[in-house]
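Reviewing the structure listed below.
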Amino acid sequence: MTPDLMDAGAERVARHLHPENPLHTESGGRAAGFGRHVEQGEVDVTHGRILYLEDVSVSFDGFKAINKLSLDIAPGELRCIIGPNGAGKTTMMDIITGKTRPDEGTVFFGSTIDLLRHKEADIAQLGIGRKFQKPTVFEHLTVFENLELALKTNKGVKASMMFRLDSAQSDRLAEVLETIHLAASVSRMAGNLSHGQKQWLEIGMLLMQDPKLLLLDEPVAGMTDEETARTAELFLTLKGQHSLMVVEHDMSFIKTISDIVTVLCDGSVLAQGTLDEVQADERVIEVYLGR
Ligand SMILES: Nc1ncnc2c1ncn2[C@@H]1O[C@H](COP(=O)(O)OP(=O)(O)O)[C@@H](O)[C@H]1O
Ligand SMILES: [Mg+2]
Numbered sequence: 004m005t006p007d008l009m010d011a012g013a014e015r016v017a018r019h020l021h022p023e024n025p026l027h028t029e030s031g032g033r034a035a036g037f038g039r040h041v042e043q044g045e046v047d048v049t050h051g052r053i054l055y056l057e058d059v060s061v062s063f064d065g066f067k068a069i070n071k072l073s074l075d076i077a078p079g080e081l082r083c084i085i086g087p088n089g090a091g092k093t094t095m096m097d098i099i100t101g102k103t104r105p106d107e108g109t110v111f112f113g114s115t116i117d118l119l120r121h122k123e124a125d126i127a128q129l130g131i132g133r134k135f136q137k138p139t140v141f142e143h144l145t146v147f148e149n150l151e152l153a154l155k156t157n158k159g160v161k162a163s164m165m166f167r168l169d170s171a172q173s174d175r176l177a178e179v180l181e182t183i184h185l186a187a188s189v190s191r192m193a194g195n196l197s198h199g200q201k202q203w204l205e206i207g208m209l210l211m212q213d214p215k216l217l218l219l220d221e222p223v224a225g226m227t228d229e230e231t232a233r234t235a236e237l238f239l240t241l242k243g244q245h246s247l248m249v250v251e252h253d254m255s256f257i258k259t260i261s262d263i264v265t266v267l268c269d270g271s272v273l274a275q276g277t278l279d280e281v282q283a284d285e286r287v288i289e290v291y292l293g294r
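When we follow the working numbering, the leftmost residue of the sequence shown carries the number 4, and every step to the right adds one.
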């Protein structure tokens, strides 16, 4: 989730729960905007797309990081994105989430929501959740408190303090705990979790907000083989209920989870197809796989 979106109310709640250490995260306190209540409308997917990019370009100091990029994702799809370092994968996610504005092109969420007309915070509320590579959980809160915090509204400090989970939210929290394999760790401090567990917790925090589209940037980097296998299981569970865009370099992980793989290179789509298809593509072998 976007570190810039940290909500003051959530921060105060965290400080209240653990006054000795207000808001320590691995990212040095630039933690995520989990305090934001998501009020989503319906996303119109009657045209068969949850996300649609057409001819998107962005330059940084004259360098075209994204170059006429066109791509679309179906509702419930789990799309894998691969490509060499510097291909523009993270920049593409920055554009979808409103962190970076493209110089030109079209970016739609469903067929009616023009994402280029929305700010980063609005896009999160519309139902696009983002997971950065580094885990950004609240280290001095428990697993439960982290998930609870993800539901809190930004209605102000007092409302946040008075916040109590209703039964539907409690059920959801229990369900998410099972999904992310942390039910047995509900009372543990997030700071004491393994790297993989922190990653799952952050995914759980996103799930508490029931995003329609989840963007995950290198989610298994640094995980053990067992954690990677469990993450693959988790993503397969999420597929169908959410649409997912997953950037990864781990080919065995991609093999386990992928249907369609998109290969990005030099800011645009180089190839797309099943993993077997793109792995057999000479151009892909040359720029990426053959290194
Ligand atoms: N804010 C920025 N300012 C300048 N250059 C950037 C910025 N963001 C990304 N880039 C450049 O754009 C290219 C694509 O980067 P990135 O999207 O991070 O690639 P990937 O995630 O595929 O490795 C890289 O050459 C990177 O240096
Ligand atoms: Mg990247």
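Built from N, CA and C at the ideal position, the CB exists for glycine as well.
Closer than 7 angstroms: residue i CB and nearest ligand 2 heavy atom
{"i": "residue 2", "result": "Residue 2 lies beyond the stretch modelled for the chain, which goes from 4 to 294, so this question has no answer here."}
{"i": "residue 220", "result": "yes"}
Sub-8 angstroms separation of residue i and residue j beta-carbons
{"i": "residue 234", "j": "residue 82", "result": "no"}
{"i": "residue 205", "j": "residue 138", "result": "yes"}
{"i": "residue 72", "j": "residue 99", "result": "no"}
{"i": "residue 125", "j": "residue 62", "result": "no"}
{"i": "residue 253", "j": "residue 223", "result": "yes"}
{"i": "residue 91", "j": "residue 123", "result": "no"}
{"i": "residue 191", "j": "residue 146", "result": "yes"}
{"i": "residue 152", "j": "residue 179", "result": "no"}
{"i": "residue 58", "j": "residue 109", "result": "yes"}
{"i": "residue 278", "j": "residue 258", "result": "yes"}
{"i": "residue 53", "j": "residue 246", "result": "yes"}
Other residues of its chain near residue i: CB distance less than 7 angstroms, five sequence neighbours each side excluded
{"i": "residue 66", "result": "none"}
{"i": "residue 194", "result": "142, 143"}
{"i": "residue 184", "result": "203, 233"}
{"i": "residue 282", "result": "292"}
{"i": "residue 70", "result": "60, 269, 270, 271"}
{"i": "residue 28", "result": "Because the pLDDT at residue 28 is just 41, under 50, the model does not fix this residue reliably, and the point stays unresolved."}
Range covered by the alpha helix (DSSP H) that runs through residue i
{"i": "residue 181", "result": "170–182"}
{"i": "residue 255", "result": "254–260"}
{"i": "residue 282", "result": "278–282"}
{"i": "residue 251", "result": "Element bounds for residue 251: n/a, residue is neither H nor E."}
{"i": "residue 264", "result": "Element bounds for residue 264: not the alpha helix (DSSP H) but the beta strand (DSSP E), 264–268."}
{"i": "residue 149", "result": "146–152"}
Residues of its chain near residue i, where Cβ-Cβ distance is below 6 angstroms and the 5 sequence neighbours each way are ignored
{"i": "residue 288", "result": "none"}
{"i": "residue 219", "result": "134, 249"}
{"i": "residue 55", "result": "75, 111"}
{"i": "residue 207", "result": "150, 179, 183"}
{"i": "residue 274", "result": "266, 281, 284, 287"}
Residue i Cβ short of 7 angstroms to ligand 1 heavy atom set
{"i": "residue 92", "result": "yes"}
{"i": "residue 186", "result": "no"}
{"i": "residue 63", "result": "yes"}
{"i": "residue 68", "result": "yes"}
{"i": "residue 108", "result": "no"}
{"i": "residue 149", "result": "no"}
{"i": "residue 225", "result": "no"}
{"i": "residue 130", "result": "no"}
{"i": "residue 306", "result": "With the chain represented from 4 up to 294, any question about residue 306 goes unanswered, as that position is not in the structure."}
{"i": "residue 199", "result": "no"}
Enclosing beta strand (DSSP E) for residue i [first to last residue]
{"i": "residue 167", "result": "It is not in any beta strand (DSSP E) - residue 167 carries neither H nor E in the DSSP assignment."}
{"i": "residue 58", "result": "54–63"}
{"i": "residue 232", "result": "Unbroken run through residue 232 is the alpha helix (DSSP H), 228–241; no beta strand (DSSP E)."}
{"i": "residue 129", "result": "Taken as a continuous stretch (DSSP letters only), residue 129 belongs to no beta strand (DSSP E), being part of the alpha helix (DSSP H) at 123–129."}
{"i": "residue 3", "result": "This structure cannot settle anything about residue 3, because the visible part of the chain is limited to 4 through 294."}
Own chain residues within Cβ distance below 8 angstroms of residue i, not counting five before or after
{"i": "residue 226", "result": "198, 199, 202, 234"}
{"i": "residue 189", "result": "145, 146, 147, 180"}
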